[in-house]
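Worksheet: the structure to be examined is printed underneath.
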Amino acid sequence: MFAEPLPTVGITEILGLLKVLDDAGSRADVYRLAQQLQLDTAALLPVLRGAEMLSFVHTPGGDVVLQPLGKQVVDADMNTKKAIVKEQMEKLPLVRFFMEFLSNHPEKAVEKSEILEELAILIPSADPEELYGTLLKWGRYGEIFGFSYDTGRFFLNTRGRRRRPTSPGPSESGAPSGSASPGIEPPESSNP
Amino acid sequence: MANVPLLELDRLSKSFRREHTESLILEEISLKVADGDFVAIVGPSGVGKSTLLRLMAGLTQPTKGRVLFEGRELRGVNGDSALVFQSFALFPWLTVEQNVRLGLEARGIDPSAAKSRVAYYLDKVGLDGHEEAYPRELSGGMKQRVGLARALAVEPKLLLMDEPFSALDALTSVSLREELLEIWSDSSLPVNTVVLVTHLIEEAVELADRVVVIAGSPGRVRDDLRIELPRPRQKNSAAFNEIVDRVFSLIV
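Respectively, the protein sequence lines represent chains A and B. According to my numbering, the first sequence is numbered sequentially starting from 22. According to my numbering, the second sequence is numbered sequentially starting from 361.
Structure, rendered in C-alpha cells:
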C-alpha cells in the first residue's frame, strides 16, 4: 500500500488558509502569502500540503489557488465544514488503512504503541510520533478516530456518523445541528 | 424595558493602591451596550482594557461610578456574564468534557441536564470528537474552543472576551474569528451580546458593530465608532482600511 504521510498541521490552520485565500480573491503567491501572515515560508508549506491533500487547494508553480471544494468549505457552517473534512479524510489511504485496521479489532480500539508500530512500517521515512499526533488531531476533528489517555487506547469513533446535508444551503432552523449530530438535543435554556 | 441597555457603565473610575500611592487606571468611563451589540474595546496595552472587562463581569469593583446590568446596579459577580481568557484558563487534569461541565455543576445544574448541555455546546464550537481529550493534547485553537464552549454553556446574556485570539498563530485566529461570528449570529443561542477586548485594530474592525477606543493615562474613552461595513467584511477593501487607519490615529 502506498500511503503519504500527513503534514504536521492542524485542521484549524488549514481552514484559516482557505479563508485568507478567499479574502485574497482565491489565488495568492506563496511567498507573498507567507509575508502577509508573518510566517516563514517553511511554516506555511505543511498547511498548503494539508489543504492540497484534502483537495481544497492546488499549488501550481509558486502560487496557491482555492479549489471549488475549498470555497464550499469557506462558505459552509461549522458542522458542514466538519462533514466535508471528514469525507475528504476518508479518501486518504493512511486514514482508510487505520479505519479498517481498527474495524477488524473486536473493541475497535488498540494501544497507542500498536498504531506507532504500524506507522513506522507504513511510512518509515516519517517520525511515527509526529505522524501519530497529526492522525489523532485530524481524526478527532473529523470524528473518525479518538484517543483516551485514561485507557491508553486509540479508537475508531463510532458515536457520530456525521453526514453533509445533501443540498448546500442554510441549516434547518429550530433544531440546531439536529441532523448532523443524532442524539444531541438542544438543552433547555436557563434563561426564561 | 426596551430602552434599558443590557450593560451600562456610568462615569466609572478605577484606581489601584500601590504601596502608599493610589494610581488611577480608568477615569470617567461611560458606555452603554445594547442587547445584541458586538462591541470591541481597543487601546494600547496597559491602558486598563482588561480591568474594564473585569468591572463588567463584577470581578472587581469600581472606585467611583456604577456598573448597571439590565438597569440594576451590579454588586458582586455578574452571573449573567461569562469570560473567555487569552490564556484559555483550562484545568489540565480535566478532560474537555469535564472542563466545560465544571461551570455548570458549580451553578447547581443537575448532572444529566449538564451532560446534554455540554454535548450541545461542544457541537456548537466544533469540538465533538474531542470530549475525552486533555488540554495538553490540544492545539491552542482547540483549547480556546474549549474556553468558548465553557463560557457559552452557562448561557450568559453577555459574553466577555479578553484578547481571546492573541495567543494563537495567524491562520488559527482567522478560523476562530470566523467561528465566533457564526456563533454570535446564531439566533438559536441565548447569548447575542459580546464585548471583546483586543489590541489588534483590524480584529476589532472585522468583528464588531462598535469600536470603543480607550487611550491615555488614566484611560478614557477617546471615541466610540459605529462600524457600518456589511458582513462578511472584506479585509482588503479600501473602506475597511480607512476605518483601521482612523482608529489607529486615535490611539497613537
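Ideal Cβ placement from N, Cα and C applies to all residues, glycine included.
Under the rule that 16 or more other beta-carbon atoms within 10 Å means buried, what is residue i, buried or exposed?
{"i": "D488 (chain B)", "result": "buried"}
{"i": "S451 (chain B)", "result": "Residue 451 (chain B) is actually Phe in this sequence, not Ser. Exposed, because fewer than 16 other Cβ atoms sit within 10 Å of the Cβ of F451 (chain B)."}
{"i": "W544 (chain B)", "result": "buried"}
{"i": "Y52 (chain A)", "result": "exposed"}
{"i": "L123 (chain A)", "result": "buried"}
{"i": "E387 (chain B)", "result": "buried"}
{"i": "R360 (chain B)", "result": "Chain B is shown from 361 up to 612; residue 360 (chain B) falls before or after that span and cannot be answered."}
{"i": "P590 (chain B)", "result": "exposed"}
{"i": "P189 (chain A)", "result": "Because the pLDDT of P189 (chain A) is 42, which lies under 50, any placement of that residue in the model is unreliable, and the number read from its coordinates should be weighed accordingly. By the neighbour-count rule (16 or more Cβ atoms within 10 Å), P189 (chain A) is not buried but exposed."}
{"i": "D61 (chain A)", "result": "exposed"}
{"i": "N178 (chain A)", "result": "buried"}
{"i": "S383 (chain B)", "result": "exposed"}
{"i": "T553 (chain B)", "result": "buried"}
{"i": "A566 (chain B)", "result": "Here residue 566 (chain B) is Glu; the residue named in the question, Ala, does not match the sequence. Looking at its Cβ environment, which holds 16 or more other Cβ atoms inside 10 Å, E566 (chain B) is buried."}
{"i": "N100 (chain A)", "result": "buried"}
{"i": "N125 (chain A)", "result": "exposed"}
{"i": "P471 (chain B)", "result": "exposed"}
{"i": "E128 (chain A)", "result": "exposed"}
{"i": "E132 (chain A)", "result": "exposed"}
{"i": "L608 (chain B)", "result": "Note that residue 608 (chain B) is Phe in the sequence shown here, rather than Leu. Looking at its Cβ environment, which holds fewer than 16 other Cβ atoms inside 10 Å, F608 (chain B) is exposed."}
{"i": "V468 (chain B)", "result": "This sequence places Gly at residue 468 (chain B); Val is not what is there. Exposed is the call here."}
Strictly by DSSP, which residues pair up with residue i?
{"i": "K392 (chain B)", "result": "B:E368"}
{"i": "R378 (chain B)", "result": "B:T381"}
{"i": "S373 (chain B)", "result": "B:K424"}
{"i": "D167 (chain A)", "result": "Reading the sequence as shown, one finds Gly at residue 167 (chain A) and not Asp. Bridge partners of G167 (chain A): A:F176."}
{"i": "D50 (chain A)", "result": "A:D84"}
{"i": "L386 (chain B)", "result": "B:K374 and B:G579"}
{"i": "V402 (chain B)", "result": "B:T558 and B:V573"}
Give a yes or no on whether 9 Å exceeds the smallest Cβ distance from residue i to chain D.
{"i": "A45 (chain A)", "result": "Structure shown: chain D not included; protein chains present are A and B."}
Within the segment 60 to 102 of chain A, ranges of the alpha helix (DSSP H) (whole runs, at least 4 residues): 62 to 74 and 89 to 96
Contiguous alpha helix (DSSP H) assignments of at least 4 residues, all confined to the segment 536 to 599 of chain B: DSSP runs (the alpha helix (DSSP H)) wholly in the segment 536 to 599 of chain B: 561 to 567.
Whole alpha helix (DSSP H) elements within the segment 406 to 457 of chain B, 4-residue minimum: 409 to 416
Whole alpha helix (DSSP H) elements within the segment 496 to 530 of chain B, 4-residue minimum: Complete alpha helix (DSSP H) runs here, min 4: 500 to 513.
At least 3 beta-carbon pairs within less than 8 Å: the segment 106 to 113 of chain A vs the segment 154 to 171 of chain A: yes
The segment 558 to 567 of chain B contacting the segment 519 to 537 of chain B, beta-carbon criterion three pairs below 8 Å: yes
Chain B contacts made by the segment 53 to 64 of chain A, where a contact means CB separation under 9 Å: Q57, L58, Q59, L60 and A64
Within 8 Å of chain A by C-beta, residues of the segment 519 to 533 of chain B in sequence order: D529, A530, L531, T532 and S533
Those runs of the beta strand (DSSP E) which lie wholly inside the segment 97 to 142 of chain A and span at least 3 residues: The beta strand (DSSP E) runs lying completely inside the segment 97 to 142 of chain A and spanning 3 residues or more are 130 to 132, given in chain order.
Residues of the segment 107 to 129 of chain A with Cβ closer than 9 Å to any Cβ of chain B, in chain order: none
contact_flag[the segment 435 to 446 of chain B, the segment 475 to 491 of chain B] where n(CB pairs < 8 Å) is 3 or more: Judged by Cβ distances under 8 Å, the segment 435 to 446 of chain B makes no contact with the segment 475 to 491 of chain B, as fewer than three pairs qualify.
Selection of the segment 420 to 442 of chain B by Cβ proximity to chain A, strictly under 8 Å: none
Stretch pair the segment 421 to 428 of chain B + the segment 578 to 595 of chain B: three plus CB contacts closer than 8 Å: no
Residues in the segment 444 to 473 of chain B having any Cβ partner in chain A nearer than 7 Å: If the cut-off is 7 Å between Cβ atoms, the segment 444 to 473 of chain B has A473 near chain A.
Within 9 Å of chain B by C-beta, residues of the segment 71 to 95 of chain A in sequence order: Answer in chain order: V95.
Members of the segment 386 to 397 of chain B that neighbour chain A once the beta carbon cut-off is set at 9 Å: When C-beta distances to chain A are compared with 9 Å, every residue of the segment 386 to 397 of chain B stays at or above that value.
Any 3 or more C-beta pairs closer than 8 Å across the segment 558 to 578 of chain B and the segment 397 to 404 of chain B: yes
Touch test, the segment 469 to 486 of chain B against the segment 408 to 417 of chain B, Cβ-Cβ under 8 Å, three pairs minimum: no
Validate contact between the segment 132 to 139 of chain A and the segment 41 to 48 of chain A using beta carbons, cut 8 Å, 3 pairs: No contact exists between the segment 132 to 139 of chain A and the segment 41 to 48 of chain A.
Contact the segment 365 to 377 of chain B vs the segment 529 to 547 of chain B: 3+ CB pairs below 8 Å: no
Three-pair Cβ contact test at 8 Å for the segment 27 to 40 of chain A versus the segment 534 to 542 of chain B: yes
Members of the segment 532 to 557 of chain B near chain A, C-beta cut-off 7 Å: T532, V534, S535, E538, E539, E542, S548 and P550
Interfacial residues, the segment 586 to 601 of chain B to chain A, with Cβ spacing under 8 Å: Q594, K595 and N596
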